[in-house]
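Structure first, commentary second.
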Amino acid sequence: MTNIESIAIERFQSGSPISLDSCQLKRELVGSRVVMVIDCPSTEKCHELWRDRYLLMRRCLDLWLANQIVISYKGHPYGRTPMRQPLV
157 MTNIESIAIE RFQSGSPISL DSCQLKRELV GSRVVMVIDC PSTEKCHELW RDRYLLMRRC
217 LDLWLANQIV ISYKGHPYGR TPMRQPLV
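So the sequence shown is residues 157 to 244, counted in the working numbering.
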């Protein structure tokens, strides 16, 4: 991970409408798209993130971090947002 990427992820975490302190965040390349993976320690946290997934996706797009968010519970997929094109 580059310094710029680390700073962007920190800004995403700090400016998020939901507390992401207990979650692990990482970016992955899937084909030609970048995906933000948010790994949660509990299913309750997954439910909370899933409920507000579009707010999180908007924040990702604003920071040019990813085209999609994947929420997972201890490494197992929980849900994913539709693939989005960044706003220009």
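All residues carry an ideal CB built from backbone N, CA and C; glycine is no exception.
Taking buried to mean at least 16 other C-beta atoms within 10 Å of its own C-beta, is residue i buried or exposed?
| i | result |
| --- | --- |
| residue 191 | buried |
| residue 172 | buried |
| residue 332 | This structure gives no information on residue 332, because the portion of the chain shown stretches from 157 to 244. |
| residue 185 | exposed |
| residue 177 | exposed |
| residue 223 | buried |
| residue 218 | exposed |
| residue 237 | buried |
Check each candidate in the options and name the one with the smallest Cα separation from residue i.
| i | options | result |
| --- | --- | --- |
| residue 162 | 204, 220 and 206 | 220 |
| residue 211 | 164, 186, 168 and 198 | 168 |
| residue 227 | 218, 240 and 208 | 208 |
| residue 106 | 187, 201, 238 and 188 | No answer is possible for residue 106: it lies beyond the span of the chain, which begins at 157 and ends at 244. |
| residue 195 | 203, 188 and 189 | 203 |
Mapping the DSSP letters down to three states, classify residue i as helix, strand or coil.
| i | result |
| --- | --- |
| residue 167 | helix |
Item to check | Runs of beta strand (DSSP E) lying entirely within the region 188–227, each at least 3 residues, in chain order | outcome: 189–196
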